[in-house]
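Just so we're aligned, residue 206 is where the sequence shown starts under our numbering, counting upward by one. We put the beta carbon where it would ideally sit given N, CA and C, even for glycine. These numbers were taken from a predicted model, which means no experiment stands behind them. Okay, structure first, notes after.
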Amino acid sequence: MPKRSRDSTIPRDTTAVSSLDLSKRDLTLDLARVFCVLLVVVIHLLFIGVGRDAEGALVISRPLEEQSWFDAATWVGQIMPLFFVVGGFASITAWRSNVRRGGTAADYVKTRVLRLAQPAFPLFLFYVVVISGATLLAIAPELVATVVVGAGAPLWFIAAYTLCQTLIPVMVRLHERFARRTVGVLLLGVVLVDAARYVFDVKQLGYLNMVFVWLLVQQVGFWYADGWFARRAWWQLVAIIGACYGGLWLLTAVGPYNTDMLDMLNPPTLPLVLLGLAQACALRLLRPALAKLMSTHAARAVVFLVGTRLMTIYLWHLPVIIILAGLALLIPGASPEPASPAWWWSRILVYLLVLGVLFALSLLVGRWEQPIEAGPTPPIWVDVVAAALTFAPTFLVIEYFLGLGLAIAGAACLGVAILLLGRWPQRWGSTRDVRAEHA
């Protein structure tokens with residue numbers, strides 16, 4: 206059975222919210238993003254149980270994973286594919302808007318990579334300080350490693366989404382010229398990579414599916430944006446959902462895949478593709494109800510408030526949860542025994558507290574979610590280098606986990622990427638940028 210990993214994390218789609226007029230946006234997709242991020246916070250909150258054993262030693266457990274219904278719940282609760290579907294919709298829309306304005310692939314990639322590298326940069330700096338401080342204070346290395354590995358888990362998404370966003374200009378062009386063939390080739394890639402991984406029992410081979418799985422699910426978002434799902438009758442969408450879950454049952458009952466869909470995340474596998482397609486159909490079926498909800502001022506206000514802070518919520522929620530859990534141990538009665546009835550009920554209050562702390566934190570680090578517009582757009586090869594610098598340390602977190610060395614390397618790589626994209630010298634800027642500045 207594959208090694209379990211708890212990376213069911215999902216942030217906001219970092220494509221430009223402000224680049225599209227509100228009247229032209231599908232607000233149900235903004236609602237879906239917000240729902241997914243808030244659900245991830247709930248899941249991770251229920252995953253982390255901090256208590257003490259009979260001898261008073263600190264014990265970290267996974268109460269949610271211990272439930273008998275856990276695996277079945279992941280068939281619904283694994284919402285990472287839905288994010289890439291929604292991200293695909295937003296990305297192709299933003300790319301076409303960029304093209305209409307005369308923008309280039311370099312313009313697009315610069316903005317998207319910045320919106321991933323910038324929010325991750327202060328988090329890596331935070332880990333450098335925290336891990337260095339824990340080392341100087343001689344805190345138990347095993348405890349520090351356990352906490353940091355868990356807290357750093359969401360960083361894998363930066364790698365996956367950087368890859369997808371960097372390839373948007375290419376993937377949109379393929380979609381517009383060879384839509385079906387592109388899906389077919391990507392699907393074949395997914396199957397071949399999974400086959401090689403399980404036949405040769407080499408987990409590392411599966412990481413090639415960071416390309417095939419997530420690009421394929423992103424393509425589903427392209428089809429959603431082009432109206433393919435809107436043209437399907439409701440019963441057809443239901444039939445597709447049924448077929449996807451039927452295929453999922455077959456893959457887990459007969460095939461090599463785990464019934465825990467969170468375990469299928471890193472490396473990503475074929476079941477995530479089926480989940481992504483089913484979730485796209487479900488999103489379309491729910492669209493009338495979601496649109497009605499988003500017609501209210503209250504829903505729009507909540508989605509706007511949370512939506513402008515989604516990367517902060519995503520990247521920082523695990524450190525906040527862990528810190529609050531540690532502080533609760535210092536307050537008599539504030540830390541019920543994990544998995545006890547009192548612990549389950551206390552999660553409601555703790556969840557609200559976590560969101561409150563994240564909102565306050567967003568006032569400090571939220572500015573890193575805003576793109577840097579200073580300076581001209583660099584050549585496309587510089588964008589690619591910056592994307593690689595953003596991808597590398599966040600990808601390495603998946604395999605080698607977060608430690609002091611990787612935290613330092615990540616902060617350095619992201620810092621260089623931000624400088625390359627945000628402060629590119631004028632003389633190296635694109636001709637279009639130079640002309641625009643002199644206009």
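When the Cα atoms are used, TYR429 and LEU482 turn out to be separated by approximately 10 angstroms.
Judged by beta-carbon spacing, PHE596 lies within the 8 angstroms limit of LEU368, meaning their Cβ atoms are closer than that value. As for any alpha helix (DSSP H) of minimum length 4 sitting wholly inside the stretch 305–330, there is none. Taking 8 angstroms as the cut-off, the Cβ atoms of ALA487 and PHE434 do not count as close. Apart from sequence neighbours up to five positions away, the residues of its chain that approach VAL290 with a beta-carbon distance below 8 angstroms are VAL422, GLN423, VAL425, GLY426, TYR429, GLY481, GLN484, ALA485 and LEU488, ordered along the chain.
If the five residues before and after GLY571 are omitted, its C-beta is found closer than 8 angstroms to the C-beta atoms of THR513, ARG514 and THR517, all from its own chain and listed in chain order.
Contact between the stretch 246–256 and the stretch 530–550 is established, with three or more Cβ pairs separated by less than 8 angstroms. In the same chain as VAL589, and ignoring 5 residues on each side of it, the C-beta atoms closer than 8 angstroms to its own belong to VAL314 and THR371, in chain order. The beta-bridge partner set that DSSP reports for ILE265 consists of VAL255.
Distance check between TRP300 and each of HIS380, ASP465 and ALA277 places HIS380 closest, using alpha-carbon atoms only.
With respect to the C-alpha of TYR366, the residue from GLY389, VAL396, GLY293 and THR309 having the closest C-alpha is GLY293. By the neighbour-count definition (other C-beta atoms within 10 Å, threshold 16), HIS502 is an exposed residue.
Between PRO359 and LEU523, the C-beta gap is smaller than 8 angstroms, which places the two residues in contact. Contact between LEU607 and VAL353 holds, with the beta-carbon distance rounding to 5 angstroms and staying under 8 angstroms.
Not a single unbroken stretch of the beta strand (DSSP E) spanning 3 or more residues falls wholly within the stretch 509–578. Closest in C-alpha terms to GLU574, from the list SER266, ARG320, CYS241 and ILE265, comes ARG320. DSSP places GLY432 in the coil class of the three-state scheme, outside both helix and strand. In this structure, the alpha-carbon of GLY338 lies about 48 angstroms from that of ARG306.
Around the beta carbon of ILE445, a 10 Å sphere encloses 16 or more other beta carbons of the protein chains shown; the residue is thus reported as buried. Comparing alpha carbon positions, the residue from LEU557, PHE600, LEU510 and GLU604 closest to LEU529 is LEU557. GLY357 and TYR332 do touch by the CB rule: their CB atoms are close to 7 angstroms apart, below 8 angstroms. In the DSSP annotation of this structure, the continuous segment of the alpha helix (DSSP H) that includes PHE596 starts and ends at 585–605.
In the three-state DSSP reduction, SER273 falls in the coil class, being neither helix nor strand. For the pair ILE336 and ARG436, the Cα-to-Cα distance works out to about 52 angstroms. In the structure shown, VAL407 adopts coil according to DSSP, grouped into three states. GLU347 sits in a helix when the DSSP states are folded into three classes. Setting aside the 5 residues that flank it on each side, ALA544 is surrounded in the same chain by GLY254, SER266, PRO268 and GLU271, each with a C-beta closer than 8 angstroms to its C-beta; the list follows chain order.
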